[in-house]
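Q: Below you will find the structure I want to go over with you.
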Amino acid sequence: ALKNIVEQKINDGYRVIIFPEMIAGKWSEAEEDLWADVDKLAQKQKSAVLLGVQNVVSVSRYDNAVIVLGDKSLVSKKLIKARVPMPLSNWNPLMPWSAKLNISRDNDGVLLITKQPTAVLICYEQMLVWPILQSMASKKKPKAIITVSNLWWAKETKIPNIMENTTKMWGQLFDVPVFSAVNI
């Protein structure tokens, strides 16, 4: 069903399509093969699709990430890794299946979308100060912020509102537009 939605948006002429965190589940070579036809369609239509995934790194570890399908000239990276996954629910190194911390100078959360520097905040990073400051202090100051989150588990709480308000605040503080994809 998700592939049909993505294909429809590509065929409707959308150039950059953003989906929420972990919307496509575990991402491995098998899933990459499953999505190859969507990747080819997006390339043909000169579109890029940003899909939230659990990018499988090993039997016990994954990156909470956004994978890019389609026209690589629109988006400068194929994989955007979350720097700080949610403690305990995603990042729990004592459990048999855990997200990785991806804290490094090289992983600043900035990519080029249609040649414009853009900061990407994945879920929990929206509420932390360090990830957005790292992105905004990068060599290419972002002209926009993209946030992706999966909040279905918190829909009866104030967490979605807190995340939305925090995201709006970052946009206002840095005077840039914010684009969000949220699964509630």
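Note that the sequence shown covers residues 1206 to 1389 in the working numbering. All C-beta atoms, glycine included, are put in the ideal place defined by N, C-alpha and C.
Which residue marks the beginning of the alpha helix (DSSP H) containing ASP1244, and which one marks its end?
A: First-last of the alpha helix (DSSP H) with ASP1244: 1241-1249.
Q: Since MET1300 and GLY1257 are thought to touch, with beta carbons under 8 Å apart, how far apart are those beta carbons, to the nearest angstrom?
A: Going by Cβ atoms, the distance from MET1300 to GLY1257 rounds to 20 Å, so no, they are not a contact pair.
Q: Can you list, in chain order, the residues of its chain whose CB lies under 7 Å from that of THR1352, leaving out five sequence neighbours each side?
A: LEU1326, GLN1331, THR1372, VAL1383, SER1385.
Q: Do you know whose CA, among GLN1250, ARG1288, SER1278, lies nearest LEU1338's CA?
A: The candidate whose alpha carbon is nearest that of LEU1338 is ARG1288.
Q: Enumerated in chain order, which unbroken segments of the beta strand (DSSP E) with a length of 3 residues or greater are wholly contained in the stretch 1251-1281?
A: The stretch 1251-1281 contains these whole beta strand (DSSP E) runs: 1253-1261, 1266-1275.
Q: To the nearest angstrom, how far is it from the Cα of LYS1231 to the Cα of SER1294?
A: Approximately 15 Å between the Cα atoms of the pair.
Q: If we count the other Cβ atoms within 10 Å of its Cβ and call it buried at 16 or more, is GLY1218 buried or exposed?
A: Per the 10 Å Cβ criterion, exposed.
Q: Closest to LEU1284 by CA distance: which of ASP1238, ILE1272, SER1278 is it?
A: Selected option, being the one with the closest Cα: ILE1272.
Q: If LEU1356 sits next to ILE1318, beta carbons under 8 Å apart, how far is it from one beta carbon to the other, in whole angstroms?
A: Not a contact, Cβ separation roughly 23 Å.
Q: Less than 8 Å between the CB atoms is what I'm expecting for GLN1321 and LYS1348, so what's the real figure, rounded?
A: Rounded, the Cβ-Cβ distance is 5 Å, consistent with contact.
Q: May I ask you to report which of helix, strand or coil DSSP gives TRP1302?
A: Reduced to three states, the DSSP call for TRP1302 is coil.
Q: Do VAL1254 and VAL1315 count as a contact pair if the criterion is CB distance below 8 Å?
A: Taking 8 Å as the Cβ cut-off, VAL1315 and VAL1254 do not qualify as a contacting pair.
Q: Is DSSP giving LEU1338 helix, strand or coil here?
A: Three-state result, LEU1338: helix.
Q: Assuming ALA1359 contacts SER1340 (C-beta within less than 8 Å), just tell me the rounded distance between them.
A: Their Cβ separation, rounded to whole angstroms, is 24 Å, which puts ALA1359 and SER1340 out of contact at 8 Å.
Q: Quick one: residues in its chain with C-beta nearer than 6 Å to the C-beta of PHE1379, no 5 flanking neighbours on either side, listed in chain order?
A: So the qualifying residues of the chain are MET1341.
Q: Going straight from the alpha carbon of LEU1239 to that of ALA1229, what length do you get?
A: Between LEU1239 and ALA1229, the C-alpha separation is close to 11 Å.
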